[in-house]
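Residue 233 in my numbering sits at position 102 of the sequence shown, with consecutive numbering throughout.
All C-beta atoms, glycine included, are put in the ideal place defined by N, C-alpha and C.
Nothing here was measured: the structure is a model prediction, and the numbers come from that model.
So the structure is just underneath, and the comments pick up after that.
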Amino acid sequence: MNNSGSINILECEKLAAKLARGAGAIIKEYFGQKLGIEFKNNKEIDPVSEVDLKCQEFIASGIRKYYPTHQFIGEESDNSDINKLQEESKHVWVVDPLDGTLNFTSNFPLFSSSIALLYEGKPIVGAIHLPWPYKGDGIVIHASAGNGVYCDGQKIEDFLKHSPKPSFLSVIPEEKHSLHSGLTNLWQSQNRNTGSIAVDLALVGMKVVRCAVTSAPRIWDVAAGVIIVKESGGLVLQYIEPNKLSKIMLGKKMQLEKFVKFNPNKIEQKSFYESLKNWSGSLIFGDLGRD
C-alpha cells in the first residue's frame, strides 16, 4: 500500500490531470496574443505573463475546492487562501502554471503546465499538460505512486506504440557533461533542449527522451516529473555535494544517490513548508545505464 496519507490517490491524480488540462486550455486561448508581461528580478530572460497568473489561480481554486486543508506551492505567488492554515499539512500541492514562459511569450510552442502532490515531501501524484497537436487541446501525461503512467487515461505504452526503443535523445546542460562518467546512456545519445524542464521530464516519462539532467531546478520545475519518470520505470538520481572537510581531507567528489523525497535543510527555514518552497538541487532522470 502506498504511503499517501488518508486520501484517495487516484482521485487526486484525476483532479491533477483535469486541472492541468484546464490550464492548458487557458494557455492555448492566449497563445500568440498580445500579453501583459513582467520580469522577475529585472531579468528580461525570466518573464511572468498574465497567463501564468491566470493558470495558477485556476489550479489553486480547483485544489482549494476539494482539499481545503492541503497546502500549495506555486511558482508565481504564495498569497493563495489555500495556505492560510493554522497547522502545516503533510500534503502539499506544487504547481508550475506555465513552464517555459519565455518560449510561450516568444510564440515558440514548447511549454507546459505542471501539477504535483507531495506527501511528507515525497511526490505521489503528477500531471503535465503538453500543447502538442496530437489532439486539439494537447495531451496530459499523468501518474500516481504505484499506478503507472498514462496519457489522457491511456497507458503510455499503448499511446506511443511505435517509439524507437531505446530513445537516442537526451537533455543535458553543457555544464553537466563532465560530472559523472558512470552514466553511460548520457554519452550514447544526442542532446536536445526544449526550454521547459517539465516538457523534458514528460518526454522522459513517455520514453521519447532517454534521460534528462536538470541544473539547479526549483521544486515546481521537477515535482510532477519525479513521479512520472519513476512510474515509467526510470531512475531519479540526485547530486550530493560533500561537505568542505570531506573535500579537503578525503578528496571526496560529488556523488549520485537515488532521489526519494524533497528533504531540504531546515536549519535556516521557519517550517518544512518554507524549506520545500526554497528547495533547489540537481537531478538526473531516466534510463541512466549506471556502471
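When DSSP labels each residue in this structure, what does residue i get in the three-state scheme?
i: Y161; result: helix
i: G269; result: coil
i: E388; result: strand
i: K296; result: coil
i: I371; result: strand
i: R152; result: helix
i: F416; result: strand
i: V302; result: strand
i: L406; result: The sequence given here has Ser at residue 406, not Leu. Note: S406 maps to helix in three-state DSSP.
i: L261; result: strand
i: V339; result: coil
i: L366; result: strand
i: I355; result: Correcting the residue identity first, residue 355 is Ala in this sequence and not Ile. Three-state DSSP puts A355 in a helix.
i: L146; result: helix
Do you know how far the Cα of residue j is from the Cα of residue i?
i: S327; j: S137; result: 33 Å
i: V445; j: V367; result: With the chain covering only 132 through 422, there is no way to say anything about residue 445.
i: T236; j: G163; result: 8 Å
i: D230; j: P262; result: 12 Å
i: K165; j: V335; result: 32 Å
i: E206; j: N238; result: 21 Å
i: S320; j: S298; result: 8 Å
i: Q202; j: S220; result: 6 Å
i: K392; j: P348; result: 15 Å
i: K401; j: F290; result: 44 Å
i: Q217; j: T200; result: The predicted model places Q217 with a pLDDT of 48, which falls under 50 and marks its position as unreliable; any figure quoted below should be read in that light. Answer to the nearest angstrom: the Cα atoms are 9 Å apart.
i: L332; j: E405; result: 25 Å
i: F423; j: S135; result: This structure cannot settle anything about residue 423, because the visible part of the chain is limited to 132 through 422.
i: W351; j: L414; result: 13 Å
i: N322; j: G412; result: 21 Å
i: K196; j: A258; result: 18 Å
i: I188; j: Y198; result: Sequence inspection shows Glu at residue 188; the Ile mentioned does not correspond to that position. Going from the Cα of E188 to the Cα of Y198 covers about 15 Å.
For residue i, which residues in the same chain have their Cβ closer than 6 Å to its Cβ, ignoring the five residues on either side in sequence?
i: G364; result: none
i: G279; result: E362
i: K253; result: K392
i: A354; result: V225, A247 and P254
i: E442; result: Absent from the model: residue 442. The displayed extent of the chain is 132 to 422, so no value can be given.
Skipping 5 residues on each side, what residues in its chain have a beta carbon closer than 7 Å to that of residue i?
i: P304; result: V344 and S346
i: I140; result: N133, I255, V256, S275 and A276
i: L248; result: C143, A147, H222, W224, I255 and V256
i: E75; result: In this structure the chain extends from 132 to 422, so residue 75 is not present and cannot be described.
i: L241; result: G231, N234, T325, G326, S327 and V330
i: R152; result: H260, D268 and V271
i: M380; result: The pLDDT assigned to M380 is 49, lower than 50, so where the model puts this residue is not dependable, and the model offers no usable value.
i: C186; result: A154, I157, I158, P228, L229 and S244
i: V360; result: L332, V335, G336, V367, F416 and G417
i: G284; result: none
Here's a check: name, in chain order, each residue in its chain whose Cβ is nearer than 8 Å to the Cβ of residue i, leaving out the five neighbours to either side.
i: I287; result: I272, G279, V280, Y281, G336, M337, K338 and S363
i: I194; result: L146, L150, H201, F203, I213 and W224
Jot down the residue ranges of each uninterrupted alpha helix (DSSP H) in the segment 190-258, minimum 4 residues, whole runs only, in chain order. 232-236
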